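When you line the sequence shown up against our numbering, it's residues 6 to 248, in that order.
A virtual CB, placed ideally from N, CA and C, is assigned to each residue, including glycine.
As the structure is a computational prediction, the values presented were derived from the model and not from experiment.
Reading through the structure tokens given below for one structure.
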Amino acid sequence: MSVALITGASRGIGRSIATAMAQAGHHVIINFAGNETAADETLAAVKAAGGSGQTLRFDVGDDEAVSGAIKSILAEHGQIDVLVNNAGISIDGLLMRFKAADWDKVLATNLRGAFLTTKAVARPMLKARAGRIINIGSVVAQAGSAGQPAYCAAKAGLEGLTRSSAKELASRGITVNCVAPGFVDTDMTQALPEARREAILAEVPMGRMAAAEEIAATVVFLAGAGAGYVTGQVLGVNGGLYM
Ligand SMILES: NC(=O)c1ccc[n+]([C@@H]2O[C@H](COP(=O)([O-])OP(=O)(O)OC[C@H]3O[C@@H](n4cnc5c(N)ncnc54)[C@H](OP(=O)(O)O)[C@@H]3O)[C@@H](O)[C@H]2O)c1
6 MSVALITGAS RGIGRSIATA MAQAGHHVII NFAGNETAAD ETLAAVKAAG GSGQTLRFDV
66 GDDEAVSGAI KSILAEHGQI DVLVNNAGIS IDGLLMRFKA ADWDKVLATN LRGAFLTTKA
126 VARPMLKARA GRIINIGSVV AQAGSAGQPA YCAAKAGLEG LTRSSAKELA SRGITVNCVA
186 PGFVDTDMTQ ALPEARREAI LAEVPMGRMA AAEEIAATVV FLAGAGAGYV TGQVLGVNGG
246 LYM
């Protein structure tokens with residue numbers, strides 16, 4: 006059975022990805038940072054959907070924690086077929102007032118995290134001469150977003166990491182792609198002030214936020230046999246917000 010590690014799968018988009026990937030036949034490893042109750046709820050959703058999975062706590066930005074986690078998955082399952090780098094945080098603030106410590110936090114989870122997990126799964130995937138790596142970026146990497154300097158920089162960096170690792174790994178049957186959502190109805194966007202949410206929606210040609218399931222469906226496609234010749238791409242799922 007294919008084994009898929011989904012980072013940040015306790016809530017939001019990650020939970021939907023875990024459920025959809027399990028329904029598509031993958032055994033899902035549900036990573037989370039601290040919210041164990043939420044991770045258990047994701048596992049319950051996976052099982053209710055007829056799938057199989059397990060939870061695994063580790064901080065994606067912590068080098069030793071990541072290598073320990075990947076080793077434990079390999080010891081138990083012998084393989085990792087799919088990695089979805091979904092874990093992300095957003096700290097907002099205008100550039101002029103943005104604290105360097107907040108910059109480091111955002112970059113640590115959104116960019117360093119994806120680098121560490123990609124590096125750790127590359128060896129077993131190279132050995133297997135197969136693998137799928139899917140990074141969850143954001144529309145703001147290309148469009149920019151006032152008040153999100155670190156988040157935009159991290160997501161733009163993730164696109165560069167996608168292309169660079171896609172080139173390095175392609176000859177061994179490993180694809181690396183990025184899914185760039187627009188605005189999705191999750192805890193992250195519920196934290197936005199109502200006026201900001203309304204202003205964003207006014208810019209979306211489809212006039213609504215995405216459901217997390219719509220992002221998950223794109224991930225399932227990229228992890229599936231039909232996407233075998235797709236690599237190094239950034240696929241926008243944004244209701245036309247950026248084109
Ligand atoms: N929502 C949107 O509109 C939107 C749009 C574009 C892109 N995205 C991207 O989509 C991804 C998911 O977003 P979301 O809205 O679903 O976020 P969310 O609801 O805030 O959930 C974030 C998830 O990431 C986990 N996480 C945070 N820091 C972590 C760390 N250091 N190590 C491991 N896991 C960590 C959280 O775990 P705990 O539960 O343990 O805290 C949680 O499972 C992010 O990369 C985000 O940037 C979201």
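Bridge partners for R137 per DSSP, in chain order? For R137, DSSP records a beta bridge to V87 and T180.
Here's the rule I'm using: 16 or more other beta-carbon atoms within 10 Å means buried, otherwise exposed. How should S95 be labelled? Buried, because 16 or more other Cβ atoms sit within 10 Å of the Cβ of S95.
Residues bridged to R62 (per DSSP): Looking at the DSSP output, R62 sits in a beta bridge with F37.
Identify the residues that DSSP records as bridge partners of P186: which are they? P186 is bridged by DSSP to V242.
Please work out which residues of its chain come closer than 6 Å, Cβ to Cβ, to F226, disregarding the five sequence neighbours upstream and downstream, and give them in chain order. The residues are A232.
Below 7 Å, is the gap between the Cβ of S7 and the nearest heavy atom of ligand 1? Not so, every heavy atom of ligand 1 lies at least 7 Å from the Cβ.
For D86, which option in G56, T123, L112 and K104 has the closest C-alpha, if you only look at C-alpha atoms? It is T123.
Can you tell which of G149, A230, A38 and I34 has the C-alpha that lies nearest to the C-alpha of E81? Nearest of G149, A230, A38 and I34 to E81, Cα basis: I34.
What does the Cβ neighbour count give for Q195, buried or exposed, with the cut at 16 atoms within 10 Å? By the neighbour-count rule (16 or more Cβ atoms within 10 Å), Q195 is not buried but exposed.
When you compare each of R168, A146 and G98 to K160 by their alpha carbons, which one comes out closest? Among R168, A146 and G98, the Cα nearest to that of K160 belongs to A146.
How is the alpha helix (DSSP H) around L112 delimited, first residue to last? For L112, the uninterrupted alpha helix (DSSP H) segment begins and ends at A105 to L112.
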